[in-house]
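Note sheet for the following structure.
Protein chains in written order, with this note's numbering: chain H, 2 to 261; chain D, 1497 to 1756.
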């Protein structure tokens, strides 16, 4: 096991070094306008940006930390709203097969719609681009959690519900002590997919609405032709995505249980 | 004997026909059984004679097609805390520790108790069934015997009027089974509970019961005979092995099962 882990790490570093080497070799010696910047140039920009992540020089010049913070703040609001709606509705649908089948066609139609397609409607109805972006996050993170919660609750073993029935647990208690813990692994799996889609959607939404956020930052730097910043931002988006997923991965391990 | 504490009154169960055609499956028909307060009655019969279905009907988890169940003069149609079930597959909540599984039931039975009172009561039953030291483990980490100890403690700790035991020892290895049967007898004599058990283990039935109800084969299974067990209590397994009355009962029941 330990040996394997060491080898995995070694191969990983090796693959990374080769990729960076190829990248550097491909762009080396070419004039700036003719190719994308190499890893060394990106690294230099990254070092500068990470040295002052939170500076604020007006609307078009903010540190990367502030931009990421703005995106994460929007995400937190939209994702929380979506999760509360999705889990509540999912529990309801999971407990009522008839309702589930009645509502399912609508879910199936709404699910494949890109959350960005809603943007014009949101902009028109609420006339506030920041709130519209939050609603896009809601739309992007609603469906996976909803579908997984409904499935998880619908597949709770009859035995557990029978015990709840015999103990005549009140509705809130039944929800907290039996239904939610029994369906927790499925719910968290849905939440994990949802946070991924939300993070994907926020970048695109912020490119459209402008103002703040990592998506806006990428677009703004593109307009400035500052490609080193664009590339660094792309990497930062990836790293934050991994961290978000890892957080829910931990939660999922904590709530997992072994059927006995 | 004060008859009629728990009355199974002309109960029949017919499962609806598959795909709506034919007459359906009549599992058992016109079963009438009176159980006195504090009595231990066991139902024995071949697989599929509907004995577990009858137990579920008494529990309120299934409904009789005809007839009804009366407890202390009141008809029961829904599950309730006055009738606790010990399940063949234990039906413990796998995400809870052994202690929390019992506590769920005690809290349901005594909503007015403080946390400390509930915990003390749970601990008493943990000690009583020999779970001490294992109470903080989850069911998946416990052996079959230990799991059923949790199941028994969960049922007994709520002090129900009637205990319904659905082949509680079927999934427990033979050596542990004897130990837990003795514990069951101890708990039963301490609490003077009324017990209805289903099993297909003849020795177990004779060891534990005051009366044994013999079911014929399904379909249209019927209650053929009620055998009284006039062996003095406490009964010791070792003494029973060559007790003439035990051997006579055993032969009588086995003969019925083989010929019936």
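Each residue gets a CB set at the ideal place from its N, CA and C atoms; glycine is no exception.
Check	Outcome
For the segment 1552 to 1581 of chain D, list every residue whose C-beta sits within 7 Å of some C-beta in chain H, in sequence order.	1555, 1557, 1575, 1576, 1577, 1580, 1581
By Cβ distance, which residues of its chain are closer than 8 Å to residue 136 of chain H, with the 5 residues on each side in sequence left out?	79, 119, 123, 127
State the start and end residues of the unbroken beta strand (DSSP E) segment that holds residue 1553 of chain D.	From DSSP, residue 1553 of chain D is part of no beta strand (DSSP E) but of the alpha helix (DSSP H) over 1547 to 1555.
Would you call residue 153 of chain H buried or exposed, if buried means 16 or more other Cβ atoms sit within 10 Å of its Cβ?	buried
If you measure between the beta carbons of residue 1534 of chain D and residue 1688 of chain D, is that distance less than 8 Å?	yes
Considering only the alpha carbon of each residue, which of D:1679, D:1521, D:1504 lies closest to residue 1555 of chain D?	D:1504
Please report the distance separating the alpha-carbon of residue 1498 of chain D from that of residue 1532 of chain D.	Low per-residue confidence applies at residue 1498 of chain D: pLDDT is 47, beneath 50, and the placement is therefore not dependable, though the value from the model is reported in the following sentence. About 6 Å.
Identify whether residue 1538 of chain D lies in helix, strand or coil by the three-state DSSP scheme.	strand
What are the start and end residues of each continuous alpha helix (DSSP H) run of 4 or more residues lying completely inside the segment 1698 to 1722 of chain D, in chain order?	1698 to 1704
In this structure, what does DSSP give as the bridge partners for residue 1570 of chain D?	D:1567
Take the Cβ of residue 139 of chain H as the centre, count every other Cβ of all protein chains shown within 10 Å, and call the residue buried at 16 or more, exposed below.	buried
If you follow the alpha helix (DSSP H) that residue 1754 of chain D is part of, which residue opens it and which one closes it?	1740 to 1755
Tell me the rounded alpha-carbon separation between residue 37 of chain H and residue 254 of chain H.	41 Å
So which residues of chain D does residue 161 of chain H contact, with C-beta pairs closer than 8 Å?	1587, 1589
Between the segment 1618 to 1631 of chain D and the segment 1671 to 1686 of chain D, do three or more beta carbon pairs fall short of 8 Å?	yes
On the DSSP letters alone, give me the boundaries of the beta strand (DSSP E) that residue 120 of chain H sits inside.	No beta strand (DSSP E) contains residue 120 of chain H, which is instead part of the alpha helix (DSSP H) from 120 to 127.
Less than 8 Å between the C-beta atoms of residue 1758 of chain D and residue 1524 of chain D, yes or no?	Summary: the structure shown does not reach residue 1758 of chain D, with chain D confined to residues 1497 through 1756, and so no result is reported for it.
Please report the residue range of the beta strand (DSSP E) in which residue 1661 of chain D lies.	1658 to 1662
Sorry if obvious, but does the Cβ on residue 1530 of chain D come closer than 7 Å to a heavy atom of the ligand MN?	What this structure holds is no ligand at all, so the ligand MN is not there to describe.
Should the segment 73 to 88 of chain H be regarded as contacting the segment 222 to 237 of chain H, the criterion being three or more beta carbon pairs within less than 8 Å?	no
Suppose you measure from the CA of residue 256 of chain H to the CA of residue 1743 of chain D; what does that come to, to the nearest Å?	52 Å
Just to confirm the assignment, what range does the beta strand (DSSP E) spanning residue 1531 of chain D have?	1521 to 1531
Should residue 1497 of chain D be flagged as near chain H, meaning a C-beta pair shorter than 8 Å?	Annotation note: pLDDT 41 at residue 1497 of chain D (below 50); position unreliable, coordinate value reported separately. Chain H, which has no Cβ nearer than 8 Å to the Cβ of residue 1497 of chain D, makes this no.
Strictly under 8 Å for the Cβ-Cβ distance: is residue 113 of chain H near chain D by that measure?	no
Quick one, are the C-beta atoms of residue 1571 of chain D and residue 1564 of chain D less than 8 Å apart?	yes
Would you call residue 1528 of chain D buried or exposed, if buried means 16 or more other Cβ atoms sit within 10 Å of its Cβ?	exposed
Is there contact here, the segment 162 to 174 of chain H with the segment 1577 to 1590 of chain D, by at least three beta-carbon pairs under 8 Å?	yes
Quick one: complete beta strand (DSSP E) runs, 3+ long, within the segment 125 to 209 of chain H?	none
Measure the C-alpha to C-alpha separation of residue 1709 of chain D and residue 259 of chain H and round it to an integer number of angstroms.	38 Å
Does DSSP put residue 1653 of chain D in a helix, in a strand, or in coil?	coil
Among the residues of its own chain, which have a CB less than 7 Å from the CB of residue 245 of chain H, if the five just before and after it don't count?	196, 200
According to DSSP, is residue 1580 of chain D part of a helix, a strand, or is it coil?	strand
Can you tell me which of D:1631, D:1726, D:1700, D:1747 puts its alpha carbon nearest to the alpha carbon of residue 1649 of chain D?	D:1631
Taking DSSP's pairing of strands, which residues face residue 1694 of chain D in a bridge?	D:1539, D:1662
Could you check whether the segment 1726 to 1740 of chain D touches the segment 1573 to 1580 of chain D, counting it as contact only if at least three pairs of C-beta atoms, one from each stretch, sit closer than 8 Å?	no
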